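In my numbering, the protein residues as written are 13 to 279. All remarks here apply to the structure that follows.
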Amino acid sequence: MIFVNKEVKVGIIHSVVFDFDGTLSLIRKGWQEIMTPYFTEVLMAAPNHGTLEEESHCAREFIDLLTGKQTIYQCIRLDEEVVKRGGQSIDPIVYKNEYHRRLLEKIDYRREGLATGDIDPVEYLVPGSVALLDMLKAHEVNLYLASGTDEKYVKEEVELLGLTKYFAGEIYGARDDYKLFSKAMVIKRIISENNLHGSSLAGFGDGYVEIENIKEVGGIAIGVATNEETMKGMDEWKLERLTRAHADVIIEDFRNVRGIEKFLFKG
Ligand SMILES: [Mg+2]
């Protein structure tokens, strides 16, 4: 556990909001290896494209910057980059659908295996997830889940991992009309509906967006830098981006549930 912000003042925690992909769920792990080559391919097809290396670098940069927002934002940016290179603007939903088709092709066996019971959910959960959620429930905090993935898939995958019961219906994801949802909106609503001070709200996430959204309302931001490949130690890339987003503390996963409990509840 790395304490980035030594001055952090944790209030009486009332609500906790989670990101989903990369924070609790690993069902979609490897999505960057689908999105980056696909976006690079689209950029390379524009009339005034750069070298393969340049376009791949460009795609990686903006994909990472927008991770945590709804997928459509990455596709809107792709369309802008195509136009910059002299290509035609199209409805970004076309890019989103093609990306998602390719991603599902890669991960469908995981969803299938979880649905039939051939795969144990533990294989696609960040280590310690269930113990963490049990601990938070024992402290009677309200749990919320807000994801940039389409809501229909988020709800299915929460169920496949056996986590539905923890969230009491408070599971949110991207809508077709993307302006109707954002993580910031969910966070603001939690604060206003429960009349909270920021320091009574904690958030767990592995991307810039949710960490920044939590910090904007004065909440306690816990960065989760799980190495999704090895499941050991921290992912350096995530650690760097969570530090830059001003997470208060950064953890590698939830195996040290006792340490997290001490930090949030002081005992
Ligand atoms: Mg994430």
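For glycine and all other residues, C-beta sits at the position ideal for the given N, C-alpha and C. Being a predicted model, the structure only gives us computed values, none of them experimental.
Query                                                                                                                                                                       : Result
For ligand 1, enumerate in chain order all residues having a CB closer than 7 angstroms to any of its heavy atoms.                                                          : D31, F32, D33, G34, T35, T79, G80, G217, D218, G219
Where S68 and V153 are concerned, what is the direct C-alpha to C-alpha distance, given to the nearest angstrom?                                                            : 43 angstroms
Name the one or two DSSP bridge partners that D33 has.                                                                                                                      : S37
Check whether the Cβ atoms of E9 and I39 sit closer than 8 angstroms, and answer yes or no.                                                                                 : Nothing can be reported for residue 9: it is not among the residues displayed for the chain, which extend from 13 to 279.
Which residue comes first and which comes last in the beta strand (DSSP E) that contains T52?                                                                               : Segment 44-56 is the alpha helix (DSSP H) holding T52; no beta strand (DSSP E) there.
Which whole-angstrom value is the C-beta distance of A186 and E171, which I expect to be below 8 angstroms?                                                                 : Wrong, their Cβ atoms sit about 17 angstroms apart, outside the cutoff.
For L254, which option in L148, R267, T242, E222 has the closest C-alpha, if you only look at C-alpha atoms?                                                                : E222
With a threshold of 6 angstroms on Cβ separation, who are the neighbours of D265 within its own chain once the five nearest residues in sequence on each side are excluded? : V138, P139, G140, T238
What does the Cβ neighbour count give for E45, buried or exposed, with the cut at 16 atoms within 10 Å?                                                                     : exposed
Given a cut-off of 8 angstroms, decide if L78 and V54 are closer than it, judged by their beta-carbon atoms.                                                                : no
Relative to the C-alpha of V28, which candidate in M147, Q82, H258, A71 has its C-alpha closest?                                                                            : M147
Roughly how many angstroms lie between the CA atoms of G23 and G181, to the nearest whole one?                                                                              : 25 angstroms
Should the stretch 90-110 be called in touch with the stretch 57-75, which here means at least 3 C-beta pairs below 8 angstroms?                                            : yes
Which residue or residues does DSSP assign as beta-bridge partners of M243?                                                                                                 : Answer is none; M243 lacks a bridge partner.
For V261 and I14, which I take to be in contact (beta-carbon distance under 8 angstroms), what is that distance rounded to the nearest angstrom?                            : 6 angstroms
For M56 and E93, what's the separation of their Cα atoms in angstroms?                                                                                                      : 11 angstroms
Would you report the Cα separation of Y178 and Y156, rounded to the nearest angstrom?                                                                                       : 9 angstroms
Considering just the uninterrupted stretch of the alpha helix (DSSP H) at D146, what are its terminal residues?                                                             : 141-150
Alpha carbon to alpha carbon, how far is F74 from G160?                                                                                                                     : 15 angstroms
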